[in-house]
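Protein chains in written order, with the UniProt record's numbering: chain A, 1 to 819; chain B, 1 to 222; chain C, 1 to 437.
Backbone N, C-alpha and C define an ideal beta-carbon position, used for all residues, glycine too.
Just so it is clear, the structure is predicted and the values come from calculations on it, not from any experiment.
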């Protein structure tokens with residue numbers, strides 16, 4: 001466990017001298033005795049204590065004997081042993097732990113015995129067996145036999161708290177780590193203590209336990225927006241911090257034993273937060289993922305998506321061999337072939353069309369992959385037609401913004417900066433899109449060090465947990481609202497200001513410009529938070545039509561010269577086409593082919609148009625080469641499909657939104673190759689070996705930041721509303737496939753709008769609404785909430801039913817709403 | 001035999017002389033055949049395996065067996081303690097959840113996958129000692145040879161004790177009102193009418209049904 | 001020290017409709033408040049400090065000192081919370097005070113609020129005593145309507161029946177609407193109490209004693225009782241005494257004197273053991289009849305003055321049975337927060353029941369001793385310690401009765417009917433006496 005010292009901010013904390021087991025040590029004032037002992041290598045057993053949670057003093061396992069000097073300086077032993085997890089050091093304190101004090105040892109033995117009298121001792125069937133602090137402690141310090149011959153407390157077991165967490169109340173030692181985590185860290189008190197004394201137990205709202213006779217529970221914690229029993233996005237952490245086997249994972253239940261497992265530290269691939277994780281695998285199968293401990297990034301917490309969503313990497317549609325088209329003319333179905341054949345076919349097809357090719361590398365790769373893509377595009381394909389963006393997207397304004405302010409900017413705003421700042425979130429819903437940021441912000445907010453302002457159509461539950469101030473803005477009016485904002489935050493400039501812009505803000509024309517201007521006006525630092533693990537690396541690698549690696553502008557001759565020196569090949573001088581341009585050119589026959597990697601058709605701003613473009617280029621005799629982990633809509637269209645490795649099967653480096661490199665090693669040594677390796681082979685086959693593309697950040701003139709004036713906001717007519725939408729943490733994303741337990745805790749899809757909007761649309765009392773867009777309609781339960789007037793919010797792509805993705809409309813578009 | 005010569009050489013001088021001078025020297029070459037000659041007059045102990053099979057010692061460590069409770073439920077709870085104890089890493093176990101529709105053993109957990117690799121097993125019996133439910137025991141069967149490596153990895157089906165007369169095939173629910181502890185204490189003595197009815201409903205063709213019915217009826221009479 | 005009764009709080013209990021404002025004022029009520037309003041808050045605190053008034057809720061912490069721990073006013077609210085959650089077995093002093101004379105408490109609350117700068121005071125009342133709740137509500141209304149409170153808000157809150165809520169921090173949590181479990185100290189309530197604001201938590205009797213001090217002066221108060229335990233207190237005699245009830249006397253009176261006042265042990269019986277301050281205080285025996293009942297005297301005898309709830313048991317009572325009932329109480333009332341109290345009482349109860357039924361083993365007695373030792377001083381709050389003391393003191397003084405529990409049920413050794421004050425179907429206590437006569 002980590003040692004966290006209080007008061008991190010700036011001021012010097014005086015040191016206090018204490019003696020623990022005869023060892024003199026100096027620790028900062030305010031340090032808990034248990035931590036001071038830990039610092040000098042003395043482990044005091046504990047259950048309820050956790051360095052990231054507030055002290056509870058509930059389990060009493062950490063009792064030690066303490067003596068403090070009185071006014072005359074005479075050492076006086078406290079009459080009772082003290083809980084070292086709640087006691088702060090004081091000058092001259094003398095602590096005797098179980099190692100030197102019989103009193104402490106006896107007390108700890110007594111507590112251990114108490115903890116075990118009602119424990120079922122079903123270690124053989126318990127998932128925690130083998131890695132259980134209680135078991136270890138009992139083996140090390142417990143009695144060999146029991147004196148308890150009486151009746152144990154029993155409960156029916158297990159109790160499903162949610163689809164992913166099972167509770168065994170018999171095993172619970174009521175240390176309250178889980179309830180404290182849920183309350184203090186996640187802000188989702190979905191479990192709480194109930195009853196008292198020996199019948200005290202952890203549970204969700206259960207009318208049977210509580211003897212509750214009313215209709216429904218009261219309080220925000222019990223039900224989510226849709227009126228469904230509440231589940232937390234962070235609940236998996238309670239499993240990990242449970243010091244006994246009371247909380248276990250439904251997905252991992254009875255699957256393995258700790259001694260079966262091989263643990264590999266890694267980095268979560270589901271978002272741009274770069275949370276440290278630990279991957280446990282057995283005989284080539286990943287069985288679970290746990291939070292890693294990285295104080296600089298995720299501390300010890302990860303979201304449930306990072307924890308439970310990993311089977312997508314070995315889903316049934318995983319590509320294991322390259323695919324090519326059957327038949328001489330290449331029009332047949334995709335068939336498996338050898339690597340040599342596939343590379344030969346791909347190389348031939350690409351070499352023939354060199355000069356009129358583009359690349360869509362996606363945003364899920366590692367830095368190494370992104371650099372390989374960048375070099376491959378410039379050196380092998382000979383073009384600047386490359387764009388990593390494959391989601392809500394802001395064209396040239398966004399590209400300019402990324403090139404001017406993000407690429408090559410290094411580590412600027414960090415997680416640590418978020419704790420102790422006035423933060424404005426624009427186009428970013430951290431609980432849904434960047435869970436680690438959410439937890440860090442919440443930590444700062446609870447300690448009154450951070451204030452959060454949110455620009456958005458309504459105050460979400462996540463924002464409410466950040467005690468955020470809402471800057472209400474209908475989609476399309478973000479720029480206008482930001483321009484009208486003079487300042488933000490709760491302090492008068494005492495604290496640093498930070499503007500975090502999410503990738504969604506780019507979709508609102510002028511939004512990034514306005515956010516940058518606001519940052520300048522208020523002296524705030526600006527950081528860009530993408531959703532995908534590879535987006536920041538893609539920007540650094542220059543996977544934009546105007547950008548070369550390290551933030552070098554394509555248009556700058558000396559920048560090109562630097563790249564040429566590093567690569568040995570001069571990159572093309574003309575700026576390329578961006579995503580929209582590439583798709584248009586493909587459709588128009590101006591491009592003869594495209595190399596696509598890790599792009600999901602459904603994520604593109606207009607999936608149907610993209611599909612049409614890809615179909616058009618193939619119909620015109622063009623080529624589509626796809627690098628993918630699993631079969632997708634794009635691999636089905638491709639001429640050649642080259643399988644690439646998922647994160648567990650390759651080593652690499654993710655860049656977090658901060659720009660922090662997060663290197664990870666391969667979990668499995670398989671035959672699967674990463675994007676970089678596959679592109680390298682393909683380049684060699686074509687006859688133009690890939691250069692080593694890494695190079696330092698650009699020091700010269702950057703791309704000028706875009707200045708885009710906001711267009712007129714959308715004005716819905718009668719029967720219409722402006723669509724607001726974003727992705728939820730748990731939805732239909734393919735990264736969450738094959739995880740039924742995780743899916744069960746997703747928010748239920750609902751349509752949100754203000755009561756006034758509903759009234760205006762004639763929807764009073766309607767239980768469901770139908771929202772119609774250019775390509776389709778969805779019907780969802782209607783929930784009235786404090787959404788900006790004239791706006792309807794839909795989840796983008798929920799798993800259980802269709803969401804905004806089915807409309808063919810983007811956030812800010814006008815949609816029709818009927819009952 | 002360096003050891004024996006060393007020992008002979010190490011004998012005290014007086015003792016060697018004590019054998020009797022010249023007569024001793026005369027008989028010395030013959031004395032070496034003493035063991036040979038004496039055994040010529042003893043009965044032959046060569047075992048004519050496999051034509052004649054002798055029973056092993058009762059506690060001989062032979063092939064493993066996964067036992068059942070009298071109502072047919074498996075004793076194995078898939079806890080992997082045997083695999084943990086195994087010094088040769090010969091045992092592979094995977095647990096799974098008992099559900100009302102698919103109950104293999106009393107309690108929450110059963111061994112869904114159980115494999116012993118007899119190419120690795122050293123028959124030390126530590127797995128037996130580790131087993132918390134006495135599910136795993138060793139029989140006296142030592143004839144463990146085969147033509148393939150795969151064949152010597154015994155699966156759960158091969159290791160499970162056969163259903164004896166009166167046991168009910170799994171899966172089926174536990175005896176109603178009992179816990180895994182009751183099973184462990186031996187308080188379940190055979191299948192009950194409810195269990196038989198459940199199997200009749202779920203698997204009418206189950207071959208163990210007839211025997212279980214008879215056993216239940218006999219017990220009811222008693 | 002005087003050996004006579006000193007009715008102060010109980011002075012007007014025999015008056016007609018003693019609980020009304022009119023009666024209270026007839027007997028000089030609210031004069032102290034008027035006088036207190038003339039004094040500066042700091043002087044009031046000094047006055048109470050000088051009086052030597054110590055907390056009447058059991059711990060005996062000097063009340064004035066507690067008030068002076070409040071940080072200097074910062075413009076934010078400060079609270080007074082009166083702990084009226086009287087739930088200790090045997091303790092029955094606050095309820096009669098509030099039932100018979102709620103206005104003395106209200107006046108005390110008003111004076112204390114003036115002293116500490118509180119504008120909103122709370123009385124956290126044990127929820128079961130609905131009649132007291134009604135009296136308090138009525139008294140607050142009367143005082144308010146009579147303009148006596150001058151802007152002070154008094155909220156009477158009825159608890160939901162948890163012993164733990166008598167612990168001051170658990171009381172505060174409960175008052176805030178949370179689960180009633182003790183808080184970590186520090187911060188102490190004086191610094192961050194109710195709603196994280198400076199808060200004084202005092203017992204009913206302590207607060208109700210304040211008007212008397214304001215009127216009579218510190219010297220009058222210190223003139224009563226002993227040097228270190230000044231003043232008067234209610235002594236609640238219950239059990240096998242002829243006239244059980246409240247006896248208000250100076251601290252330092254002995255049980256022998258009190259028993260004389262109460263008419264002695266019931267006829268034909270003799271004292272066997274007694275608790276000086278409710279079930280949480282170690283039991284004493286007839287050897288301790290002459291110890292002065294003040295904080296130091298009782299502590300010197302190895303017990304605690306506690307709430308001066310003197311439960312008197314005669315020789316018909318089985319110690320094992322009495323301790324067993326107390327443990328039942330502690331097990332039922334353990335809040336569950338910390339391990340020793342939660343699990344220890346669960347275990348003690350099962351062992352005590354076995355001993356009471358005569359099915360114990362010698363090992364059980366060792367276990368009992370050890371388990372009690374493992375609870376005492378290991379628990380989160382003092383209520384855990386309280387559960388261990390009856391067992392430990394019982395074993396200390398009457399070990400042979402516990403040992404008898406290894407073979408003979410307590411009922412056989414001490415027929416339960418013999419200790420009953422009234423038998424079933426008999427209205428008077430006479431029936432019980434006749435069994436033993």
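With DSSP as the reference, identify every bridge partner of residue i, one or two as the case may be.
i                     : result
residue 225 (chain C) : C:230
residue 235 (chain B) : Any answer about residue 235 (chain B) is impossible in this case: the structure gives chain B only from 1 up to 222.
residue 751 (chain A) : A:782
residue 793 (chain A) : A:724, A:752
residue 80 (chain B)  : Paired residue(s): none; residue 80 (chain B) is not in a bridge.
residue 248 (chain A) : A:166
residue 65 (chain B)  : B:137
residue 225 (chain B) : Beyond the ends of chain B as shown, which are 1 and 222, falls residue 225 (chain B); an answer cannot be given.
residue 247 (chain C) : C:235
residue 96 (chain A)  : A:65
Taking CB distances under 7 Å as the criterion, tell me whether residue i reaches chain A.
i                     : result
residue 217 (chain B) : no
residue 278 (chain C) : no
residue 257 (chain C) : no
residue 406 (chain C) : no
residue 177 (chain B) : no
residue 395 (chain C) : no
residue 95 (chain B)  : yes
residue 80 (chain B)  : yes
residue 128 (chain B) : no
residue 68 (chain B)  : no
For residue i and chain C, any beta-carbon pair shorter than 7 Å?
i                     : result
residue 404 (chain A) : no
residue 62 (chain A)  : no
residue 447 (chain A) : no
With a threshold of 7 Å on Cβ separation, who are the neighbours of residue i within its own chain once the five nearest residues in sequence on each side are excluded?
i                     : result
residue 218 (chain A) : Confidence in residue 218 (chain A) is poor, its pLDDT being 44 and thus under 50, which makes the residue's placement too unreliable to answer from.
residue 98 (chain C)  : 84, 105, 132, 135, 136, 204
residue 805 (chain A) : 602, 796, 797
Ordered along the chain, which non-local residues of its own chain (more than five positions away) have a Cβ less than 6 Å from that of residue i?
i                     : result
residue 118 (chain C) : 78, 79, 80
Please return the same chain residues whose Cβ sits closer than 8 Å to the Cβ of residue i, not counting the five positions on each side in sequence.
i                     : result
residue 373 (chain C) : 388, 392
residue 662 (chain A) : 267, 274, 276, 297, 653, 654, 655, 656
When the cut-off is 7 Å and only beta carbons count, does residue i lie next to chain B?
i                     : result
residue 254 (chain A) : yes
Any C-beta of chain B within less than 7 Å: which residues of the segment 94-125 of chain A qualify?
124, 125
Can you check the segment 16-58 of chain A for any alpha helix (DSSP H) of at least 4 residues that lies completely inside it and give the ranges in chain order?
Taking only runs of at least 4 residues, the alpha helix (DSSP H) segments lying wholly in the segment 16-58 of chain A are 33-39.
Suppose only complete runs of 4+ residues qualify. What are the alpha helix (DSSP H) ranges in the segment 80-159 of chain C, listed by chain order?
Fully enclosed alpha helix (DSSP H) runs of 4 or longer: 94-100, 102-116, 130-145.
Which residues of the segment 256-270 of chain A have a Cβ closer than 9 Å to any Cβ of chain B? Give them in chain order.
256, 257, 259, 260
Relative to chain C, which residues along the segment 363-374 of chain A have a C-beta separation below 8 Å, given in chain order?
none
Beta carbons nearer than 7 Å to chain C: which residues of the segment 192-204 of chain A have them?
193, 196, 197, 198, 200
Short-range partners of chain C found in the segment 144-155 of chain A, where Cβ spacing is below 8 Å
147, 148, 150, 151, 153
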